[in-house]
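Numbering (our numbering), first residue to last: 277 to 687.
Every residue gets a Cβ at the ideal spot worked out from N, C-alpha and C, and that includes glycine.
Below you'll find the structure, written out as structure tokens, and then a few comments.
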Amino acid sequence: MSHNNARKIVHPALVIIGILLIASNLRGPITGIGPILEFISTDLALSATQAGMLTTLPLLAFAIFSPISSGLARKIGLEPSLMLALLAITSGIIIRSAGSTLTLYLGTCVIGIGIAIGNVLLPSLLKRDFPNKVPTLTAIYVLVMGVGASISSSTTIPMLNLADTLNVTVVPNWAFALAGTIILPVVTMLIWLPQMSSHTRPAIDTPEIDSHSYLWRSAAAWQVSGFLALNSFIMYAFIAWLPSILVDSGYSEHQAGYIHGLLQLSTAAPAIVLIPLMAKLKDKRLLSLIMTVLAFIGIIGLLMMPQHAIIWVMMFGFSCGGGFILGLSFVGLRTHDAHQAAALSGMAQCIGYLFAATGPIIFGSLHEMTGSWEMPLMITAGISIIWASLAIQAGKSEIITQPINPMINQS
């Protein structure tokens with residue numbers, strides 16, 4: 277058959293629904309912990325560093341499993357790999373909800389592996405099956421990720437209260453609240469089942485480990501990686517600790533949970549604004565600088581005037597979401613072919629997630645040492661200034677040069 281996708285996309289609408297449902301699972305299972313982190317820490321007697329590990333572990337899984345996800349898809353097929361990702365997320369939620377310290381950490385790791393596979397392979401599927409709708413579907417996809425995370429953040433406190441109302445004693449109330457996130461991946465797996473008959477390979481530019489070792493010696497590659505790393509560092513520190521900061525500033529747990537949900541929505545909002553705008557703007561440096569400045573204002577605002585937290589959190593969320601989209605666009609902007617883009621994406625994601633993994637731990641440890649959120653917030657504001665200087669470097673339009681290999685015939 278001449279139509280390459282005809283055998284594969286029997287029901288395009290069903291595939292799009294499946295893609296968006298998978299996207300809705302790629303952040304929520306991690307962000308849902310934030311609003312009930314204090315309850316978990318108290319019940320299991322966790323230190324701030326140990327509590328920070330609950331956000332750190334999935335990020336370490338991202339760093340380790342992101343580069344090898346495309347290899348998995350090449351072996352068993354893209355569609356079964358995405359089902360495997362959903363199975364890992366679901367299994368992780370079940371393990372995590374058993375109620376002990378060991379199962380909490382183990383389940384969190386398994387969730388991280390599932391999300392890592394989905395993060396890498398889902399954009400590849402989107403690009404391959406709907407090449408003419410990538411900007412629009414990417415915007416919707418990022419928005420749905422944010423909505424999934426927002427629902428997760430906003431419902432954990434009500435679920436915790438429900439556990440108390442129902443006198444749930446089999447597991448702690450926080451474990452019952454975390455178990456509530458299982459509904460979405462289970463529904464997604466049922467919707468994704470029809471795609472299991474396909475075993476297609478991922479798109480050629482899916483990030484994977486390859487031989488582009490020269491990138492690790494390229495200043496431009498490090499600038500792009502550093503931009504994404506600082507963006508992720510700040511973002512995940514706040515995903516872990518924002519509800520605790522808000523509660524200490526006088527907000528109720530319910531209010532902190534909803535504002536945390538608003539943070540997730542705000543990170544998705546830039547997709548709607550930036551994706552159409554970026555096509556028109558050749559130079560992305562000013563746009564990148566604006567994002568970093570918004571983060572700085574948001575952090576300082578939260579520090580100086582916490583009573584207006586909603587404004588600062590929305591500003592901060594918009595900046596981190598926008599920074600992430602811009603960071604990913606730099607990967608395409610600074611490379612000359614799909615293979616080099618995949619290699620840079622793999623490098624940037626690996627460095628970005630490894631650095632981001634330290635954010636929640638450093639943030640929590642500083643709070644534990646000083647007994648206040650002032651020092652962690654001031655240091656994060658300082659990091660956003662470094663992020664701004666990297667934005668000017670990373671946003672340049674010069675292509676990363678590839679050393680000429682005499683063994684390879686290049687055009």
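Inset, instruction - Give the straight-line distance between the Cα atoms of Ala555 and Pro407, rounded to the nearest whole angstrom. - result: Near 16 angstroms, if we compare the C-alpha coordinates of Pro407 and Ala555.
Inset, instruction - Within the same chain, show all residues whose beta-carbon is closer than 6 angstroms to that of Leu330, passing over the 5 residues directly before and after it, in chain order. - result: Cβ within range, chain order: Ile309, Thr384.
Inset, instruction - Look at the alpha carbon of Leu333 and the alpha carbon of Ile521, and state the distance between them as a whole number of angstroms. - result: Between Leu333 and Ile521, the C-alpha separation is close to 21 angstroms.
Legend entry - Where Gly375 sits in the DSSP three-state scheme: Gly375: coil per DSSP, three-state reduction.
Inset, instruction - Please work out which residues of its chain come closer than 6 angstroms, Cβ to Cβ, to Trp663, disregarding the five sequence neighbours upstream and downstream, and give them in chain order. - result: Once the five neighbours on either side are set aside, the close Cβ partners of Trp663 are Leu506, Thr568.
Legend entry - Thr426 - DSSP class collapsed to helix/strand/coil: Checking the sequence, you will find Ser at residue 426 rather than Thr. DSSP places Ser426 in helix when its eight states are reduced to three.
Legend entry - For Gly603 and Ser595, the rounded distance between their alpha carbons: Between Ser595 and Gly603, the C-alpha separation is close to 12 angstroms.
Inset, instruction - Ignore the nearest five residues each way along the sequence and tell me which others in Lys284's own chain have a CB closer than 8 angstroms to its CB. - result: Since pLDDT at Lys284 reaches only 49, below the 50 mark, its modelled position is unreliable, and the value read off the structure follows with that caveat. So the list reads Asp405, Ser474, Thr476, once near-sequence residues are dropped.
Legend entry - Residue from Gly422, Pro343, Gly597 with nearest C-alpha to Ile510: In this structure, Gly597 is the residue among Gly422, Pro343, Gly597 with its C-alpha nearest to the C-alpha of Ile510.
Legend entry - Residues of its chain near Leu362, where Cβ-Cβ distance is below 6 angstroms and the 5 sequence neighbours each way are ignored: In its chain, beyond the 5 residues on either side, Pro461, Thr464, Met465 have a beta carbon closer than 6 angstroms to the beta carbon of Leu362.
Inset, instruction - Alpha carbon to alpha carbon, how far is Leu302 from Ala425? Give it in angstroms, no decimals. - result: C-alpha separation (whole angstroms): 8 angstroms.
Legend entry - Endpoints, the alpha helix (DSSP H) within which Pro407 is located: In the DSSP annotation of this structure, Pro407 is not part of any alpha helix (DSSP H), being labelled neither H nor E.
Legend entry - Simplified DSSP assignment, three categories, for Trp649: Coil.
Inset, instruction - Please name the residue, chosen from Pro356, Ser673, Gly456, that lies closest to Ile430 on a Cα-to-Cα basis. - result: Note on identity: in this sequence residue 430 is Ser, with Ile being the wrong assignment. Ranking the options by Cα distance to Ser430, first place goes to Gly456.
Legend entry - Straight-line gap, His536 to Val523 (C-alpha atoms, nearest Å): Cα-Cα distance, rounded: 11 angstroms.
Legend entry - Proximity of Ile601 and Pro546 at Cβ, strictly below 8 angstroms: Cβ atoms of Ile601 and Pro546: closer than 8 angstroms.
Legend entry - Exposure label - Gly388; buried when at least 16 CB within 10 Å: Answer is buried; the Cβ neighbour count reaches 16.
Inset, instruction - Might you give, ordered along the chain, the residues of its own chain that have their beta carbon closer than 7 angstroms to the beta carbon of Lys558, omitting 5 neighbours on each side? - result: Leaving aside the five residues that flank Lys558 on each side, the residues in its chain whose CB is nearer than 7 angstroms to its CB run, in chain order, Ser673.
Inset, instruction - Please report the Cβ distance between Pro636 and Ala496, rounded to the nearest whole angstrom; I am assuming they are in contact, meaning their Cβ atoms lie under 8 angstroms. - result: With a Cβ gap of about 29 angstroms, Pro636 and Ala496 do not count as contacting.
Legend entry - Straight-line Cα distance separating Ala585 from Ser342: Ala585 has its alpha-carbon roughly 34 angstroms from the corresponding atom of Ser342.
Legend entry - First through last residue of the alpha helix (DSSP H) which encompasses Leu320: Leu320: member of the alpha helix (DSSP H) spanning 313-320, first to last residue.
Inset, instruction - Apply the 10 Å Cβ neighbour rule to Ile371 and answer buried if 16 or more other Cβ atoms are within range, or exposed otherwise. - result: It is buried - the Cβ of Ile371 has at least 16 other Cβ atoms within 10 Å.
Legend entry - Spatial neighbours of Gly671 in its chain, beta-carbon cut-off 6 angstroms, leaving aside the 5 residues before and after: Lys560, Arg561, Ser564, listed in sequence order.
Legend entry - Residues near Leu348 in its chain [Cβ-Cβ closer than 6 angstroms; skip 5 each side]: Ser357.
Inset, instruction - Using the Cα positions of Ile306 and Ala618, report the straight-line distance between them to the nearest angstrom. - result: In a straight line, the C-alpha of Ile306 is about 26 angstroms away from that of Ala618.
Inset, instruction - Helix, strand or coil for His536, going by three-state DSSP, please let me know. - result: In the three-state DSSP reduction, His536 falls in the helix class (H, G or I).
Inset, instruction - Check whether the Cβ atoms of Tyr500 and Val607 sit closer than 8 angstroms, and answer yes or no. - result: One detail in the question is off: residue 500 reads as Val in this sequence, not Tyr. Going by C-beta atoms, Val500 is nearer than 8 angstroms to Val607.
Inset, instruction - Note the first and the last residue of the continuous alpha helix (DSSP H) segment covering Asp524. - result: Element bounds for Asp524: 495-524.
Inset, instruction - Less than 8 angstroms between the CB atoms is what I'm expecting for Pro311 and Pro652, so what's the real figure, rounded? - result: Actually they do not touch by this definition, with Cβ atoms about 18 angstroms apart.
Legend entry - For Ala299 and Ser641, the rounded distance between their alpha carbons: Linking Ser641 to Ala299 through their CA atoms gives a straight-line distance of about 32 angstroms.
Legend entry - Under 8 angstroms between C-beta atoms of Gln678 and Gln616: Contact flag set, yes.
Legend entry - Sequence-distant residues of the same chain with beta carbon closer than 6 angstroms to Ile273, five excluded per side: Shown here, the chain extends from 277 to 687; a query on residue 273 therefore has no answer.
Inset, instruction - Mark Trp492 as exposed unless 16 or more other C-beta atoms lie within 10 angstroms of its C-beta, in which case mark it buried. - result: Exposed: under 16 other Cβ atoms inside 10 Å.
Legend entry - Per-residue burial, Gln583 [other beta carbons within 10 Å of its own, 16 or more giving buried]: Around the C-beta of Gln583, fewer than 16 other C-beta atoms lie within 10 Å, and the residue is accordingly described as exposed.
Legend entry - Where the alpha helix (DSSP H) containing Trp492 begins and where it ends: No alpha helix (DSSP H) holds Trp492; DSSP gives it neither H nor E.
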